[in-house]
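In full-length UniProt numbering, the protein residues as written are 1 to 155.
Note that beta-carbon positions come from the ideal geometry of N, C-alpha and C, so glycine has one too.
To start, the structure under review is shown below, and the notes come after it.
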């Protein structure tokens with residue numbers, strides 16, 4: 001696995017370990033994406049299930065379709081039940097920009113608007129070659145709270 005992707009997975013793992021899991025607490029699902037998105041785990045209140053799903057993430061081999069990841073993330077949240085009574089949060093981790101063949105940044109930003117319109121808060125974390133302006137546009141407002149970019153995710 002490329003170092004930048006390994007850093008992203010380690011960041012996600014550390015974040016998961018900080019959450020309060022349980023029937024009335026956090027539930028987490030995992031989606032990976034490159035040129036397509038794959039749901040690795042539906043929402044779970046068991047951190048071991050979530051960490052096991054994260055461990056199955058594959059080396060990205062294709063392009064980058066952030067919009068596919070966002071759409072699949074929304075599907076996971078909507079399939080999780082309790083839609084009206086729980087806070088919905090999507091954490092986007094990306095090491096790059098959406099490729100032009102998938103509609104470029106405009107398509108990713110449009111999909112993010114759809115996700116936010118469904119009542120989901122988006123936290124965007126961009127590293128590597130991710131464009132800070134795109135991450136800010138994808139994330140909920142204000143970007144000072146919901147968007148983070150750095151060349152190295154460990155920064």
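Are residue 97 and residue 131 touching if we call contact CB-CB under 8 angstroms? As a working mapping, residue 97 is identified with position 97 in the chain shown. As a working mapping, residue 131 is identified with position 131 in the chain shown. Result yes, Cβ atoms of residue 97 and residue 131 sit closer than 8 angstroms.
According to DSSP, residues forming a beta bridge with residue 126: Within the chain shown, residue 126 is the residue found at index 126, counting from 1. DSSP, once it has assigned bridges, lists 94, 149 as partnering residue 126.
If residue 92 sits next to residue 66, beta carbons under 8 angstroms apart, how far is it from one beta carbon to the other, in whole angstroms? Reading the chain shown from its first residue, position 92 is the one you call residue 92. Reading the chain shown from its first residue, position 66 is the one you call residue 66. That belief holds up - the Cβ atoms of residue 92 and residue 66 are roughly 7 angstroms apart, short of 8 angstroms.
Among the candidates 58, 85, 39, 145, whose CA atom is the shortest distance from the CA of residue 3? One-based indexing of the chain shown puts residue 3 at position 3. For the residues 58, 85, 39, 145, the minimum Cα distance to residue 3 belongs to 58.
Taking buried to mean at least 16 other C-beta atoms within 10 Å of its own C-beta, is residue 101 buried or exposed? The residue given as residue 101 occupies position 101 in the chain shown. Classification of residue 101: exposed, given that the 10 Å Cβ count is below 16.
Could you tell me whether any Cβ in chain C is nearer than 8 angstroms to the Cβ of residue 15? No chain C appears in the structure shown, which is made up of a single protein chain.
Look up residue 39 in the DSSP assignment and give the residues it is bridged to. Residue numbering aside, residue 39 sits at position 39 when the chain shown is read from its first letter. According to DSSP, residue 39 bridges with 31.
Using the beta-carbon count (16 or more within 10 Å), is residue 68 buried or exposed? The sequence position of residue 68 within the chain shown is 68, counting from 1. Buried, since its Cβ has 16 or more Cβ neighbours within 10 Å.
Which ranges would you report for the alpha helix (DSSP H) in the stretch 60-118 if only whole runs of at least 4 residues count? 66-79, 104-117
Decide if residue 78 is buried, meaning its Cβ has at least 16 other Cβ atoms within 10 Å, or exposed. Translated into the one-based positions of the chain shown, residue 78 becomes position 78. Exposed, because fewer than 16 other Cβ atoms sit within 10 Å of the Cβ of residue 78.
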